[in-house]
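Position 312 of the sequence shown, counting from 1, maps to 312 under the UniProt record's numbering, and the rest follow consecutively.
Read through the structure below, which is laid out as structure tokens, and then see the notes.
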Amino acid sequence: MSQESSINIGGLSFEWNLDKGQFLYEGEDAILFWISSAMKTLFDSIEEISGAESASLVLETTGFRQGLVVGEYFQRMNLNVNEVAKVLPNTYGSAGWGEIVIKELDAGKKSLLVQLKNSWEYKINKAQGKTSAGSFMPAHYAGIFTGLFGTNIWYSIRQSQISGHAEDIVEYFPSDISVTTNIHELARRKETEQIQMLEAVVEDKTRELQGLVKELSSPIIPVLEGVVVVPLLGRYDEARSTDLIERTLNNLPKYQADYLILDLTGLDKDLSDYTAHFIQKLGSAANLIGMKTILVGISPELSIIIANSNIGLAKYDCFQTLQHGIYYALGQAGRKII
């Protein structure tokens, strides 16, 4: 029994050679797939791996470049655009690509409409539950006519079968839009998204660090009954100083302390008028809730800066070390360390 067979439909040849496992369409190797199962699995896999947006661009690019190959095929047959428009319906219909009608072809303007119905891409998209038209088929015909017209042709989908219309209607026209520009645009968009994601991560980490700094910076330390110490560290701006004042005033009452010792040892050596004003403000606020403020950690250099500042800190008792300040506070309360 012969393992070879051939048939001609609509002027197009189909050949099979089972011994070689070969199927030929118009003398070229071809392959057959089930649309709503095997091909759908292929489309689903591409989307799963690369994402819907990237998958659409992959299919669009592939469709366009395959269309260029078809355009070259027709050019080798020495067919002009109008002749190609006549043979396209049978060529693609016989290969199972659905019903195709070329309308309003204007070779001078290099424009046309393509009407598609029940294409294999539509069947896959329907099986996938999609609600908008695919990109492979429209881009494929853009590739064909790009080759035939000798200029870049792009498309616009006027209506689609997947959206409930009787058929797809796709408009084609000369354009600067191409698969290359779309690839670059997607790459830039993905890069921007990655940058935005990284910026969001940085912002989150910055907020976490700021929160950690607030917790670690200038803690309130109850050293003895009636005495709390707040070490001032680094440089203070408006936000940091306001936060410290609020935290200190909100938490001091629970310690029932009479003395607030501000340790200036860790302050930035370049003490600004703003920092001096902030120290005075914190001390005055503590006085308002019945606490006496003591300044410690006053080095000779810092004492000169304080003396020359426009803010008067002389009203506070000042000591060189924290130990001296604690002894003084206890002495004022009639107590001492034994």
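Glycine residues also receive a C-beta, built at the ideal position from the N, C-alpha and C atoms.
{"query": "8 Å Cβ cutoff met for K126 and L112", "result": "no"}
{"query": "Stretch pair the stretch 186-199 + the stretch 127-134: three plus CB contacts closer than 8 Å", "result": "no"}
{"query": "Exposure label - S37; buried when at least 16 CB within 10 Å", "result": "exposed"}
{"query": "Buried or exposed (CB count within 10 angstroms, at least 16 for buried), I153", "result": "buried"}
{"query": "A257 to Y327 span [Cα, whole Å]", "result": "15 Å"}
{"query": "Nearest to A307 (by Cα), restricted to the options K281, A276 and Q320", "result": "A276"}
{"query": "G98 beta carbon less than 8 Å from that of G147", "result": "no"}
{"query": "Same chain, Cβ closer than 6 Å to Y236, neighbours up to 5 away in sequence not counted", "result": "T275 and F278"}
{"query": "Three-state secondary structure assigned by DSSP to residue 339", "result": "Since the first residue of the chain shown is 1 and the last is 338, residue 339 is not available in this structure."}
{"query": "Under the three-state DSSP convention, the category L249 falls into", "result": "helix"}
{"query": "For I221: DSSP bridge partner residues", "result": "V229"}
{"query": "Nearest candidate by alpha-carbon position, reference E4, set G10, G11, L12 and Q22", "result": "Q22"}
{"query": "At least three beta-carbon pairs within less than 8 Å, the stretch 159-178 to the stretch 187-207", "result": "no"}
{"query": "Nearest candidate by alpha-carbon position, reference K20, set S13, D29 and L12", "result": "D29"}
{"query": "Exposure of D176, with buried meaning 16 or more beta-carbon neighbours within 10 Å", "result": "exposed"}
{"query": "Identity of the residue in V69, T248 and L267 nearest N287 by Cα", "result": "T248"}
{"query": "Among L232, G290 and P222, the one whose alpha carbon lies nearest that of I298", "result": "L232"}
{"query": "Identity of the residue in L295, M291 and S284 nearest L267 by Cα", "result": "L295"}
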